[in-house]
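Residue numbers (the numbering used here), protein chains in the order written: chain D, 3 to 226; chain P, 2 to 214.
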């Protein structure tokens, strides 16, 4: 058995993962309680991020934003805007009240598909990382199974985030299409999380390094 | 002997891509400065300076915006409203340009600094081997630098936005900026520190192997 202290290998990262797992678990539990009530009552906020109370919303990228509010319209909310300053809306949000919603099941499903895939990718990743840490605490950082699991998690995050972005953009386009005739938010809204995809490949690299560490450990144990 | 895949391959590929992107950006900045093409670079040098706010309570489909509804085929009961707005100063002075730079440049510096340091670490690992105490130290240092850099960049962005907003709207103060730091990036930074720790254990293992064999 190597002489180094195993439990401190992941240090504060382990604490963060444990805290995240706890809060995500709590969040899932509360969601399981709240969502059925929202669906029955026809009110409340739909979606993990939440848009507007009592409404189902989608982002519309290509409605004519130049038609909309002038500087004076904002003054009630933010006070007096300097005369030289222009106010330009960033993006439009299209919303429909939950009460009396047509094709409720379809619209709820589409709304869920605009947010759930990325959440699911991170959720699987979080529980996977926790499993890696439990394995590391038991048998040290250089196990073949740990290395394999970490490499797979990296590829999962890489492919999962790309797939989730494609699914969410498609769902948002279809949802907009149910509210505005002939409109979609379209592929122009496609926004891949580049930094996280970079991080995913970093995790693949760490997995491969651990694999080499596992071989080294095999050599040491075989020799001693 | 099992086939060994290059452990640094994927990361090397991606960081090379971003390093090339950085080179292209720098070349464009230089060309823009030399040929006077104009345009904004890291929030500076543009014809106007903008700052985002989270105003989002207008219903554009109510009067006097009825035409928007009719022309754009918006269904009955559906409302349209801005999900935030951008305040733009079309005639910015040096102060506004500098503050606008403060909202964008620090994050870009942290990102590209991280990419370049990662490339240095990859080069070091290829030259000196994967398991050495110095490499482990460098990886842990990279994690701490990223963590500190993200927080400092978030703070500077908040400060720049607040000062810009207060110069555009009478009722706002310099503290009204929006402090935001990417939580996944922060967690990733702590993860890199942990990878550094794991690598230090690997270095100890390598030393043990070298002493034994």
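Ideal Cβ placement from N, Cα and C applies to all residues, glycine included.
Chain-ordered listing is empty here: chain D has no CB closer than 8 Å to the CB of residue 95 of chain P, the nearest sitting near 16 Å. At the C-beta level, residue 106 of chain P and residue 43 of chain P come within 8 Å of one another. For the pair residue 122 of chain D and residue 166 of chain D, the Cα-to-Cα distance works out to about 9 Å. Under the 8 Å criterion on CB atoms, residue 183 of chain D is classed as interfacial with respect to chain P. For residue 76 of chain P, no alpha helix (DSSP H) segment is defined, and its DSSP state is neither H nor E. DSSP, reduced to helix, strand and coil, places residue 170 of chain P within a strand of the structure shown. With respect to the 8 Å criterion, residue 89 of chain D and residue 86 of chain P are classified as neighbours on the basis of their beta carbons.
In this chain, residue 84 of chain D is not harboured by any beta strand (DSSP E), its DSSP state being neither H nor E. Across the structure, residue 98 of chain D and residue 157 of chain D are spaced so that their CA atoms are roughly 38 Å apart. In this chain, the beta strand (DSSP E) harbouring residue 61 of chain D covers 57 to 62.
Residue 113 of chain D and residue 127 of chain D have their alpha carbons spaced roughly 23 Å apart. Within the segment 165 to 208 of chain D, not a single complete beta strand (DSSP E) segment reaches 3 residues in length. For residue 97 of chain P, the enclosing alpha helix (DSSP H) begins and ends at 95 to 129. In the DSSP annotation of this structure, the continuous segment of the alpha helix (DSSP H) that includes residue 211 of chain P starts and ends at 184 to 213.
Residues of chain P whose Cβ lies closer than 8 Å to the Cβ of residue 12 of chain D are, in chain order, 195, 198 and 199. Sequence-distant Cβ neighbours of residue 155 of chain D in its own chain, meaning closer than 8 Å and more than five residues away, are 127, 130, 131, 134, 205 and 209. The beta carbon of residue 126 of chain P sits closer than 8 Å to those of 9 and 136, all from its chain and outside the five residues before and after it, given in chain order.
In this structure residue 103 of chain D is in contact with residue 58 of chain D, their Cβ atoms being roughly 7 Å apart against a cut-off of 8 Å. Taking 8 Å as the cut-off, the beta carbon of residue 151 of chain P is found no closer than this to the beta carbon of residue 110 of chain P.
Under the Cβ distance rule, residue 90 of chain P counts among the residues neighbouring chain D, one pair being separated by less than 8 Å.
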